[in-house]
Structures are given as structure tokens and as C-alpha cells.
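Chains as they are written, first to last, in the UniProt record's numbering: chain A, 1 to 360; chain B, 1 to 360.
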């Protein structure tokens with residue numbers, strides 16, 4: 001079996017591990033990397049012809065995207081293969097590459113919205129450009145400059161996502177799945193932002209948010225787009241949904257656990273960053289069920305509250321409860337994969353493992 | 001002749017005036033409005049099905065976009081008609097509507113980047129949601145909430161722009177012009193942001209920025225997309241560029257003048273807002289040529305500097321010089337229109353007038 005590498009996606013749980021799924025093989029990964037390279041070369045020509053200074057923006061998009069773990073492209077490829085597509089075909093590689101730009105855009109904007117300082121062990125876009133401004137002794141406010149560039153870079157990568165998706169030559173049905181993915185992820189993020197304006201923490205609402213923000217966006221829609229691009233029928237798409245939603249939820253719960261208890265070498269972020277940034281994860285909502293909303297909210301989003309909250313999550317039994325949730329969701333995903341048959345199992349089981357396993 | 005209404009675009013110079021161009025007639029305007037309505041109805045169904053709360057985001061997109069002056073759609077229609085397209089065809093109405101979402105996205109993000117409080121006489125998106133948060137006594141920081149929603153709403157409208165553009169059923173050539181438009185406008189905005197990190201003001205660099213940020217984005221690419229959608233050849237596109245660049249530059253210079261000297265009832269913004277926000281317009285760069293960079297930069301971007309800077313722009317002769325620039329550019333655009341012939345003149349001359357005329 002060809003072996004490849006897939007992980008939790010850019011800035012997600014940061015797992016990098018060998019995955020023995022044909023969907024993650026090196027031929028496909030190389031095809032996606034080539035797509036990204038060629039696309040960027042075209043954009044660089046177009047945009048530096050306007051002004052060489054725009055090269056900095058192109059470089060930042062590349063630094064932020066190329067060399068990622070290709071999580072969404074891999075699921076897109078899996079959907080394609082399950083619908084009978086030829087492995088690593090240029091069309092599926094183009095669709096996969098489009099998901100990389102979409103994810104780059106989402107992360108540049110997410111990090112700004114969350115005030116995150118780091119991403120994959122490096123400064124986030126807004127902090128990177130803020131530092132460049134300061135180092136160059138730029139006129140005006142360095143932080144505002146960083147924020148502006150992060151907004152623009154996210155916009156550019158979102159525009160690129162659609163432009164690159166066109167290279168997959170999608171029919172109307174495939175394009176409408178892609179379009180739904182983009183609207184859904186923004187809607188999920190809005191629900192997340194909205195939930196943070198409430199003075200309560202709620203497990204059901206946190207689960208609801210991750211369904212749209214993570215499960216549909218990261219797993220279901222990439223599978224759908226890949227399958228539809230290869231002409232997969234509605235029955236296949238519906239069965240892929242049965243796999244994707246529990247798997248995507250388990251993936252996000254694992255990501256949440258790693259965001260608190262993970263090794264920074266794996267997550268690319270300082271330990272406890274999610275708590276410092278005030279993310280309202282299921283993990284935190286479960287802790288509030290036991291320890292009270294007021295106590296958890298008084299610690300969440302404050303650097304000096306991180307250690308106590310970290311301990312509470314464990315001692316309250318919230319961590320153990322979330323591990324039970326993950327196990328239950330993984331079992332549900334595996335049962336749905338079994339319905340799809342042996343080929344699906346060889347493609348998807350290794351991805352389930354990579355997306356949800358404990359690290360260390 | 002059918003009469004319509006066209007203006008300086010959302011939040012641009014705010015001219016609303018009757019324009020006797022067939023490109024701006026009420027049949028086309030109605031067709032675009034219907035496109036926007038139908039599209040929003042589809043999105044509302046999809047997204048409120050995820051969660052009714054997302055309806056607020058859809059409403060905000062509508063409030064921010066529908067009822068606009070359809071500046072870019074009108075140029076898109078003009079290009080289409082010049083290439084022999086049928087008036088107000090659904091395909092050109094869809095392409096026009098796509099430009100409205102693109103512009104809505106750009107403005108939501110621009111206002112946040114510039115810290116603008118108002119847009120078309122109403123609060124900007126980030127201020128609107130900041131106020132809602134405060135009124136509801138929301139948990140957390142109201143300003144951060146407003147900024148987050150503005151980022152997400154801009155992303156949603158950018159995603160919608162592409163989705164709506166698909167409804168125009170573009171061929172590969174037309175799509176590549178649309179794609180170029182999106183990358184160019186972000187690049188122009190980046191050059192603008194970058195120029196603000198320098199401690200000098202430069203007329204040539206300000207003119208360079210408005211070519212990409214305004215002239216190509218607002219006039220050239222809408223004309224190109226419309227013309228290409230109707231099968232117009234490269235000669236036509238190149239002649240449209242000859243019209244569009246001087247016209248777009250004149251349009252932006254007029255917008256800059258109105259940003260300082262315009263009536264708030266026309267501009268939808270308090271007088272002097274551009275100066276308060278520190279915009280580096282050609283008008284301000286010309287003032288610096290006469291009065292010195294240090295003096296102008298010490299006043300620009302500060303509320304207490306607005307009155308003095310306003311007077312300097314006039315007394316230095318910068319205002320008169322920019323009026324000369326506008327006249328020169330308008331003449332150049334009119335000569336390029338004459339090359340295109342009588343039909344072009346009947347379509348475009350009224351638009352030149354609407355985009356660049358003095359108000360009051």
C-alpha cells in the first residue's frame with residue numbers, strides 16, 4: 001500500500017503521522033503541491049506586474065499554505081476515489097488545492113478574530129506583519145497594519161480558492177456543494193462568535209457550532225465535492241455524510257483536547273492557548289456543567305486563569321467525558337464506513353485514526 | 001431614451017442622479033434587484049436551516065447591499081451592450097449582482113480597516129454590531145464582537161460574489177477577467193495600506209494605488225466582464241480599457257474631493273471623515289508637495305487636525321490642481337469613447353458625467 005502523510009489540517013490538532021490510506025498517498029500529495037505551485041506562479045506574474053511590492057502578499061500566502069498537511073484535500077480525494085475517480089487526477093488535485101486556499105483564508109481571519117499570536121509554531125499573519133512594520137520603523141500603528149494585512153491576505157486567499165476551484169472544471173452540482181461549504185463555514189464561525197456574547201456555556205450549543213464550523217467544513221463537504229466531481233450519486237453523498245458528521249465532531253473534540261493538553265511541538269501553539277484566547281469548546285462547557293458557569297467564565301480568556309482552568313478540566317471529569325464522546329463518535333463513524341464497504345474502509349479507516357487519535 | 005439612476009457606488013462619492021444612459025435604465029436595475037432578492041432568499045433558506053440566528057448575518061448583508069446605486073453593474077451592462085448583448089438579459093443581471101456582493105464585501109472590510117464609523121449615512125458594519133452587543137449587554141468586548149462580525153460578513157459576501165457570478169454562466173475567458181478583478185482590488189488595497197506605512201506622501205504613488213484599487217476594479221473590469229460575457233473581442237476590451245482607466249482615476253479623484261468638501265447628505269459620511277481616518281489621497285499628497293510632508297502628516301488622521309488640513313488643501317492650490325487633473329482625465333476618457341463610436345457615446349457619456357461631476 002502506498003503510504004502518505006496526513007494530519008489535523010493547518011493549525012488544527014497538528015497530528016503529523018504516516019497514514020496508510022490510498023487517499024493520502026504521495027502521488028496525490030505531489031499533484032496538489034504542483035497545483036499550488038503553478039497557481040501561485042501565475043498569480044505572482046499577474047500581481048507583481050501591477051507592482052513588485054505585491055510580491056510580499058503572494059509570499060505570505062505561500063508561507064501560510066504550502067507545505068500544509070492537506071487534510072481537506074485528502075478527504076476530497078477519498079470522496080473522489082469512492083465515486084470511481086482515477087487516483088490523483090488533475091481535476092481532484094485542483095479541487096483539493098482550492099480547499100487549501102479556503103483553509104488559509106479562514107485561518108488568517110480566525111487568528112485575527114481570536115487574537116492568536118501563533119499558528120503552526122510561527123507568528124500568525126497579523127503578528128508577522130505587525131513585527132515587520134515595527135522592525136522597519138514604519139509610519140503609523142504596527143498592530144493596525146498587521147490586522148489590515150491579515151484581512152487582505154484572507155480575502156486574497158478566499159478569492160484564490162474560487163479561482164483555483166474553477167480549474168477542477170466542476171459541473172453545477174459540484175459547484176453548489178462547494179458554494180454551500182463556503183457559506184456554511186462562515187455561518188458556523190458566526191454562531192461561534194455569537195455564542196461568546198452569552199454569559200453561559202452550553203454543551204449542546206458548542207456541539208452545534210462544531211458541526212458547521214468543523215464537521216461539515218473539514219470532512220463532509222470535502223468528501224462531497226470529491227465524490228460529486230467524479231459523478232457520485234446522492235446515495236453515496238448521503239452515506240458520506242453519515243461518516244463525516246460524527247468523524248468531524250470527534251476530530252474537533254480531539255483538537256480541543258490537544259489545545260489544552262497537547263504538546264506544543266505537535267500543536268504548533270503554546271499549551272493552553274485556547275483557554276487564554278477564551279475559546280468556548282465543548283471541553284470548557286462540560287467543565288462549567290460541573291464547576292459552574294461563573295467560575296469557568298471568570299478564568300476563561302485570561303492568561304492568569306489558564307493553569308487553574310487546565311486543572312479544573314481534568315479534575316471535574318470533563319476531559320474524561322469528552323474522551324468518551326470521542327470514542328462514541330468514532331464508533332459511529334466506523335459503523336457508517338462499514339456500510340460503505342471494504343474499499344471505503346481501506347480509504348477512510350486510516351483517516352479516522354489520524355484525525356482523532358490521542359497524541360503521546 | 002429610457003432614464004435610470006446611477007451614482008458613485010456604495011459609499012463612494014454618493015452622487016445619486018438621473019442618468020440618461022440605456023446601461024442604467026430601470027429594466028436593468030430591476031433585473032439586478034430581482035437577482036439579489038432571489039439569491040438572498042436562497043441563501044436565507046440554506047443558512048437559517050442551519051440555525052435561525054444566522055438570519056441576522058443574512059439581514060446585515062441585505063441591509064448593506066440591496067438598494068445600492070449599482071455603479072459597477074451599470075458599467076458591466078454597458079460593456080455587455082457594446083458587445084451586442086440583449087438589454088437586461090438575466091446573465092448580465094447576474095454578473096452585475098455579483099459585483100454588488102464583491103463591493104459589499106470590500107466595503108465591510110475597508111470600513112473595519114480604516115476604522116470608519118459610517119457608511120451611507122448609517123453605522124458601518126462593525127459599529128452596527130458593536131452597538132447591538134452593547135445594547136443587549138452582551139458578554140465580552142463589544143468592539144471586538146463588531147470587528148469579528150464585519151470580517152465574517154465580508155467573507156460571506158465575497159463567497160456570495162463568486163456563487164452569484166456562476167449564475168451568469170461565464171465561459172473561461174470571462175471568468176478569468178472576473179478572477180483578475182478580485183485579485184487586483186486586494187492588491188490595490190494592499191498597496192494603499194503599505195503606502196500608509198511611509199513617512200512621505202507621494203502623488204505618483206497615490207495615483208498608482210487608485211489605478212488598481214479604483215479604476216480597474218470599479219470601471220475597467222466591470223466593462224470587461226460584461227463585454228466578454230457577450231462575446232466581445234480583444235479589440236473592444238482594449239478600447240474599453242482606454243476609457244476606463246482615465247475615467248476611473250477621475251472618479252476616484254472626485255470621490256476624494258467630495259470626501260473633504262462634499263455635503264454629508266451626498267456622501268453619507270461626516271465632512272472630513274477621510275482626513276480624520278488618515279486616507280492618503282492624491283489631494284493630500286498634492287497638499288504635501290506645497291506645504292511639506294511633515295506638516296500634512298502631523299494633521300492627517302487626527303480629529304483635531306481636520307479643519308486646518310481642510311483649509312490647507314484649498315489654500316495650497318491642491319484642490320484646484322486636482323480639479324485640473326479631473327478635467328484632463330475626463331477629456332481623455334471622452335476621446336477614448338469617441339473612438340468607440342456613437343453607441344458607446346450614448347451609453348458611456350452620461351456615466352462619465354455622473355461619475356465625475358461636481359456636486360453643488
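The beta-carbon is built from N, C-alpha and C at its ideal position, and this holds for glycine as well.
Quiz prompt | residue 241 of chain A versus residue 47 of chain A: straight-line alpha-carbon distance, rounded | solution = 39 Å
Quiz item: Who are the neighbours of residue 145 of chain B on chain A, taking C-beta pairs under 9 Å?
Solution: 193, 194, 196, 197
Practice problem: Tell me the start and end of each unbroken alpha helix (DSSP H) in the region 186-241 of chain A that is at least 4 residues and wholly inside, in chain order. | Solution: 203-210, 221-229
Quiz item: Given that residue 47 of chain B touches chain A, what residues does it touch there, using C-beta distances under 7 Å?
Solution: Correct list: 183, 187.
Self-check item: Exposed unless 16 or more other CB atoms sit within 10 angstroms - verdict on residue 137 of chain B
Solution: exposed
Exercise. Starting from residue 118 of chain B, follow its DSSP beta bridges and name the residues at the other end.
Key: B:123
Quiz item: At a Cβ threshold of 8 Å, is residue 347 of chain B touching chain A?
Solution: no
Quiz item: In this structure, does DSSP put residue 342 of chain B in helix, strand or coil?
Solution: helix
Quiz item: Are residue 245 of chain B and residue 220 of chain B closer than 8 Å when you measure CB to CB?
Solution: yes
Practice problem: Count the other C-beta atoms from every protein chain shown that fall within 10 angstroms of the C-beta of residue 10 of chain B, then say buried if there are 16 or more, exposed otherwise. | Solution: Residue confidence for residue 10 of chain B is low, a pLDDT of 34 falling below 50, so the modelled location carries little weight; the figure read from the coordinates is stated next. Flag for residue 10 of chain B reads buried.
Quiz item: In three-state terms, what does DSSP make of residue 162 of chain B?
Solution: helix
Practice problem: Give, in chain order, every residue of the region 137-162 of chain B whose Cβ lies closer than 7 Å to some Cβ of chain A. | Solution: 138, 139, 140, 145, 148, 149, 151, 152, 155, 156, 158, 159, 162
Quiz item: Which same chain residues, not among the five before or five after residue 350 of chain B, have their C-beta less than 6 Å away from its C-beta?
Solution: Counting only Cβ-Cβ distances below 6 Å, and skipping sequence neighbours, we find 19, 20, 21.
Quiz prompt | chain A within 8 Å of residue 190 of chain B, Cβ atoms only | solution = yes
Quiz item: Can a CB atom of chain A be found closer than 8 Å to the CB of residue 57 of chain B?
Solution: yes
Exercise. Please decide whether residue 294 of chain A counts as near chain B, where near means a Cβ-Cβ distance under 8 Å.
Key: So, not an interface residue.
Quiz item: Using 8 Å as the threshold, is the region 151-164 of chain B in touch with the region 95-104 of chain B, meaning 3 or more CB pairs across them?
Solution: Segments in contact, yes.
Quiz prompt | Partner residues on chain A for residue 50 of chain B, Cβ-Cβ distance less than 7 Å | solution = 184, 187, 212
Practice problem: Identify each residue in the region 240-255 of chain B for which the Cβ-Cβ distance to at least one residue of chain A is less than 7 Å, and report them in chain order. | Solution: none
Self-check item: Interface residues of chain B facing residue 112 of chain A [CB-CB closer than 8 Å]
Solution: Under the 8 Å cutoff, chain B gives 151.
Quiz item: Between the region 118-131 of chain A and the region 261-269 of chain A, are three or more C-beta pairs nearer than 8 Å?
Solution: Contact between the region 118-131 of chain A and the region 261-269 of chain A is present: three or more C-beta pairs spanning the two stretches fall below 8 Å.
Quiz item: How many Å lie between residue 358 of chain A and residue 352 of chain A at the Cα?
Solution: 12 Å
Quiz item: Taking the DSSP output, what are the residues bridged to residue 324 of chain A?
Solution: In the DSSP output, where bridge partners are listed per residue, residue 324 of chain A has none listed.
Exercise. With a cut-off of 8 Å on the beta carbons, I'd call residue 31 of chain B and residue 88 of chain B a contact; round off their distance for me.
Key: Correct: roughly 5 Å between the Cβ atoms.
Quiz item: With a cut-off of 8 Å, do at least 3 Cβ pairs link the region 54-62 of chain A to the region 180-195 of chain B?
Solution: A contact exists between the region 54-62 of chain A and the region 180-195 of chain B.
Quiz item: So what's residue 25 of chain B in DSSP terms, helix, strand or just coil?
Solution: The DSSP-derived three-state label of residue 25 of chain B is strand.
Quiz item: Of all the residues that make up the region 297-312 of chain A, which are near chain B by a beta-carbon distance shorter than 7 Å?
Solution: Those residues of the region 297-312 of chain A placed with their C-beta closer than 7 Å to a C-beta in chain B do not exist.
Self-check item: the region 69-81 of chain A / the region 23-40 of chain A touching (three or more Cβ pairs under 8 Å)
Solution: Yes, they touch.
Quiz item: Quick one: what's got a C-beta closer than 7 Å to residue 214 of chain B's C-beta in the same chain, skipping five residues either side?
Solution: 248, 251, 252
Practice problem: Pair every Cβ in the region 283-294 of chain B with every Cβ in the region 193-207 of chain B, then say whether three or more of these pairs are closer than 8 Å. | Solution: yes
Quiz item: What's the C-alpha gap between residue 256 of chain A and residue 197 of chain A?
Solution: 20 Å
Quiz prompt | C-alpha gap between residue 17 of chain B and residue 139 of chain B, whole angstroms | solution = Any reading at residue 17 of chain B must be qualified, since the residue scores a pLDDT of 48, below 50, and its modelled position is unreliable; the value itself is stated next. Near 44 Å, if we compare the C-alpha coordinates of residue 139 of chain B and residue 17 of chain B.
Quiz item: By Cβ distance, which residues of its chain are closer than 7 Å to residue 143 of chain A, with the 5 residues on each side in sequence left out?
Solution: Excluding five sequence positions before and after residue 143 of chain A, the CB atoms of its chain that fall closer than 7 Å to its own CB belong to 130, given in chain order.
Quiz item: Listing by chain order, which chain A residues have their CB less than 7 Å from the CB of residue 43 of chain B?
Solution: 183
Quiz item: Under a CB-based cut-off of 8 Å, is residue 54 of chain B close to chain A?
Solution: Flagged as an interface residue toward chain A: residue 54 of chain B, by a C-beta distance shorter than 8 Å.
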